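Quick note on the working numbering: the sequence shown kicks off at 59 and runs consecutively.
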Amino acid sequence: MTDKEKHEILEWIRLEHEAGRALNIHAVKRRRPDLLARVYSVRPFWGWWQAVTDAGLNYEDLKVELEEKVACRICGYEGLQLNTHLAARHGMKTTDYRAQFPGTEISSELRRARMRREGGKNLLPHWEPLYSDEYMMDRAYRYHRMGHGLRTTWVCEHDHNLWQHVHRQGLTWESFVTALGIPYTHDLPPRPPRMTREALCKGLREVARKEGSTPTITRLSKLNHSLTTGVERHFGSYDKALEAAGLPLPHRPYPLRRVITPDAVLAELRQLAADGHRITEICIRRKLGLHDLHHSIAKMGGYPTIREKLGIAKPPPPPFVPRHTREEVIAAFQKQAAEGEAYTIRGMNRGSDADRALLRSVRHHFKKWPDLLDAAGLTPEHHALGRARNRRLALLETLRLRHQSGKSLDRREIQQETDGGKFYNACRNAFGTWEDAIVAAGLPKELANKSAVIREGLVAEIREFAGSGHTFDEEAMKLTPAGLELYRRAKSAFGSWQRAVSRAGLESPRKRKPARVKGERPPKAAKTSPPRKNALLRATRKEEQEAVIEAIRERHRHKKRIHLRGIKWDTAGNELYEKARRVFTSWKAALKASGCEPETRPVRVVSEIVRELELAYPIDPAMWEPESSAVGEDAAEGPVKSAPLKIPLRGWRQQGKGEKQRTTPAKAKRRKKRK
59 MTDKEKHEIL
69 EWIRLEHEAG
79 RALNIHAVKR
89 RRPDLLARVY
99 SVRPFWGWWQ
109 AVTDAGLNYE
119 DLKVELEEKV
129 ACRICGYEGL
139 QLNTHLAARH
149 GMKTTDYRAQ
159 FPGTEISSEL
169 RRARMRREGG
179 KNLLPHWEPL
189 YSDEYMMDRA
199 YRYHRMGHGL
209 RTTWVCEHDH
219 NLWQHVHRQG
229 LTWESFVTAL
239 GIPYTHDLPP
249 RPPRMTREAL
259 CKGLREVARK
269 EGSTPTITRL
279 SKLNHSLTTG
289 VERHFGSYDK
299 ALEAAGLPLP
309 HRPYPLRRVI
319 TPDAVLAELR
329 QLAADGHRIT
339 EICIRRKLGL
349 HDLHHSIAKM
359 GGYPTIREKL
369 GIAKPPPPPF
379 VPRHTREEVI
389 AAFQKQAAEG
399 EAYTIRGMNR
409 GSDADRALLR
419 SVRHHFKKWP
429 DLLDAAGLTP
439 EHHALGRARN
449 RRLALLETLR
459 LRHQSGKSLD
469 RREIQQETDG
479 GKFYNACRNA
489 FGTWEDAIVA
499 AGLPKELANK
509 SAVIREGLVA
519 EIREFAGSGH
529 TFDEEAMKLT
539 PAGLELYRRA
549 KSAFGSWQRA
559 VSRAGLESPR
569 KRKPARVKGE
579 RPPKAAKTSP
589 PRKNALLRAT
599 RKEEQEAVIE
609 AIRERHRHKK
619 RIHLRGIKWD
629 TAGNELYEKA
639 RRVFTSWKAA
649 LKASGCEPET
659 RPVRVVSEIV
669 RELELAYPID
679 PAMWEPESSA
689 VGEDAAEGPV
699 KSAPLKIPLR
709 GWRQQGKGEK
719 QRTTPAKAKR
729 RKKRK
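Rendered as structure tokens:
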């Protein structure tokens with residue numbers, strides 16, 4: 059491309075921007091696909107982003123235009139998405155549609171822009187709303203100009219969407235980068251210089267000084283992995299590296315494994331076989347403790363292979379000789395059962411007296427567990443009884459610990475705690491009642507219900523108070539400090555003084571009204587009646603109406619929507635609407651009282667398809683005028699008013715009074731017509 063052609067393209071970009079037209083890649087591809095193809099055919103690579111930048115424009119200031127609908131290539135239907143249309147109208151899947159029309163989209167540009175999700179971490183922010191082949195070329199070349207090496211591992215780590223888009227086009231990343239004129243290097247980045255012997259020894263001494271002693275090789279790999287790599291590279295073993303650095307060997311809890319050659323392994327095993335040892339894992343590793351020899355045997359193929367090389371058959375297992383006789387096993391089991399242990403193997407192997415040799419003797423003398431129980435004269439216990447017993451003991455121990463720590467054991471206070479309800483129900487399920495659980499723990503029963511103890515004490519005080527000759531009616535109890543204090547505590551515990559007195563078994567003397575003499579009337583008290591309820595309601599309603607009016611005027615001043623549909627969009631407006639309906643009976647009445655006129659609703663925009671249909675098929679106004687049926691004298695008097703014209707539609711009927719509109723005839727009528 060010559061400089062003149064490039065100047066023409068830049069001038070066209072400036073003029074389009076000044077005219078307010080969209081300059082995103084998809085919009086330019088619809089208007090000038092030839093221009094976009096020329097921009098991307100330039101080598102060295104130019105690209106649309108660079109062209110916009112060379113035109114002196116900022117890409118963020120460009121106008122973006124996206125198509126709201128996508129057209130079906132088969133029938134011309136336009137919609138936001140074609141999945142449902144293809145399945146319902148053409149009986150076709152999206153994969154078949156794309157195979158028939160390569161390069162087509164199922165969703166509109168606006169739909170795809172809304173559905174786009176940013177995956178992973180992108181080193182370079184997006185400047186286009188949609189992915190495209192041209193946009194991906196721009197992103198790759200910008201990474202190259204920023205100085206990044208566009209290897210596959212690098213792009214997958216920093217911009218996975220870019221690699222994924224190229225991969226879906228059936229291209230390799232190397233061919234894509236090479237086509238843009240970017241050299242693709244297969245060499246790895248240069249490795250850092252290797253550590254010298256002197257630097258390695260110095261590092262080992264520094265680590266030993268910080269640790270206070272020579273670390274093991276495992277500890278060194280956690281502290282400084284590069285030193286561990288240097289040890290393997292320069293010395294081959296950690297001991298030689300420590301010797302070169304002048305450091306002592308680290309403390310090892312286990313000795314190092316011997317490095318035994320295959321011939322030495324075979325010679326040592328022949329000597330062991332001659333001494334009468336069995337060439338098995340149990341004998342070599344467990345009995346003799348020769349772990350190095352055992353690992354060498356595993357590397358050479360295992361014990362069967364070694365025995366085959368030595369010409370030794372697998373020795374039979376030694377006969378088992380029980381340590382305890384049958385009578386000793388029965389006596390030991392009866393002793394443990396008498397001490398309260400469970401009749402299980404786990405119960406026998408629990409505690410300080412556990413003896414595995416005893417269990418092996420049990421298995422040798424008794425083939426089944428019920429045989430041992432019958433020989434010991436014991437009845438087998440269900441496995442759930444032991445768990446239930448342990449659960450009950452744990453609950454009792456918890457109750458004792460709560461009491462010792464000073465916590466309350468009252469049932470109401472227990473249930474109010476965070477996990478108290480579970481503990482309370484567990485005690486009730488295990489012991490029947492909460493009081494029985496308290497008693498089973500060896501604690502006083504009164505701790506289970508503090509209120510009952512308090513009531514019993516109050517009943518005793520009331521009886522003592524009444525026995526001392528004091529008047530214990532309600533009015534007399536309030537005259538003395540001691541009576542008032544007893545009256546308040548009894549009322550708090552029982553709910554009322556009369557109930558407390560009846561619980562104490564006493565009958566409270568009540569003051570009776572003096573009998574009225576016949577003919578006498580008590581003087582009427584001065585009339586001080588409170589204001590009427592209706593007046594209070596009217597005043598309250600007036601205040602609520604004023605508050606609603608002020609809220610409506612406030613919304614109107616701030617230019618917020620106050621028409622009926624717009625008021626329900628936000629939460630505050632919906633609450634105001636409900637309050638206005640309750641106070642004014644309707645939103646229209648509330649607007650009239652506030653003196654605010656709602657804003658006019660925007661005019662509905664008629665689509666281009668409707669305009670084209672109206673122009674192609676104009677409507678004749680005479681079609682809707684009723685025909686005059688005047689004849690003779692009636693025609694002279696003037697036109698006769700007739701009912702409006704009704705155009706019968708198929709499957710339509712006029713609804714009756716109070717009946718909902720039906721778009722189709724009733725099922726009964728359709729069935730009758732079909733018959």
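Just so it is clear, CB atoms sit at the ideal spot from N, CA and C, and this is done for glycine as well. Here the structure is a predicted model, which is why all the values come from computation and not from measurement.
Go ahead and pull the three-state DSSP assignment for residue i.
i	result
Ser284	helix
Gly478	helix
Ala738	Nothing can be reported for residue 738: it is not among the residues displayed for the chain, which extend from 59 to 733.
Ser99	coil
Glu397	coil
Ser419	helix
Gln227	coil
Ile517	Reading off the sequence shown, one finds Val at residue 517, where the question assumed Ile. The answer is helix: DSSP assigns Val517 an H, G or I state.
Gly347	coil
Ser526	coil
Glu123	coil
Ala548	helix
Ala726	helix
Arg708	A caution first: Arg708 carries a pLDDT of 45, below 50, which makes its placement in the model too unreliable to give a value.
Val128	strand
Gly541	helix
Gly631	helix
Glu136	strand
His292	helix
Ala562	coil
Pro374	coil
Glu269	helix
Lys617	coil
Distance check for residue j and residue i, CA to CA, integer angstroms please.
i	j	result
Leu436	Arg460	38 angstroms
Ala534	Arg547	16 angstroms
Asp432	Arg450	29 angstroms
Thr276	Ser284	13 angstroms
Glu672	Glu125	25 angstroms
Pro273	Phe293	17 angstroms
Ser734	Arg486	Here the chain covers residues 59 to 733 and nothing more, so residue 734 does not appear.
Ile340	Arg263	43 angstroms
Leu138	Ser165	6 angstroms
Asp333	His353	21 angstroms
Glu386	Ala434	11 angstroms
Ala356	Pro362	10 angstroms
Leu348	Glu326	11 angstroms
Glu76	Ala171	25 angstroms
Leu281	Glu215	28 angstroms
Thr60	Asn82	24 angstroms
Thr243	Ala198	15 angstroms
Leu416	Ile370	35 angstroms
Ile240	Asp112	21 angstroms
Glu601	Val641	10 angstroms
Write down the C-beta distance between residue i and residue j rounded to the nearest angstrom, noting that I regard them as a contact closer than 8 angstroms.
i	j	result
Pro187	Val122	6 angstroms
Arg611	Cys654	6 angstroms
Leu305	Ala331	So it is not a contact: roughly 43 angstroms between Cβ atoms.
Lys503	Ile512	About 15 angstroms; that fails the 8 angstroms criterion.
Glu192	Tyr296	Not a contact, Cβ separation roughly 58 angstroms.
Val128	Leu140	6 angstroms
Lys637	Val606	6 angstroms
Asp350	Arg328	At roughly 17 angstroms, the Cβ-Cβ gap does not stay under 8 angstroms, so Asp350 and Arg328 are not in contact.
| query | Is the segment 413-426 touching the segment 375-386, taking contact as three or more C-beta pairs under 8 angstroms? | reply | yes
| query | For the 8 angstroms Cβ check, are there 3 or more pairs between the segment 116-135 and the segment 91-103? | reply | no
| query | Is there contact between the segment 516-527 and the segment 474-488, where contact requires at least three CB pairs shorter than 8 angstroms? | reply | no
| task | Count the C-beta pairs between the segment 140-154 and the segment 62-80 that are closer than 8 angstroms, then say yes if the count reaches three, no if not. | result | no
| message | Three Cβ pairs or more, each shorter than 8 angstroms: is that satisfied between the segment 537-553 and the segment 500-517? | response | yes
| Is it true that the segment 208-228 meets the segment 258-268, where meeting means three or more beta-carbon pairs spaced less than 8 angstroms apart? | They do not touch, by the three-pair rule.
| said: For the structure I just gave you, are there three or more beta carbon pairs, one from the segment 338-345 and one from the segment 386-393, closer than 8 angstroms? | reply: No, the segment 338-345 does not touch the segment 386-393.
| message | At 4 residues or longer, what runs of the alpha helix (DSSP H) sit wholly inside the segment 431-495? | response | Counting only runs of 4+ residues, the alpha helix (DSSP H) found wholly inside the segment 431-495 occupies 441-462, 469-474 and 478-489, in chain order.
| field | Uninterrupted alpha helix (DSSP H) stretches inside the segment 159-205 (no shorter than 4 residues) | value | Taken in chain order, the complete alpha helix (DSSP H) segments of 4 or more residues contained in the segment 159-205 are 167-173 and 191-203.
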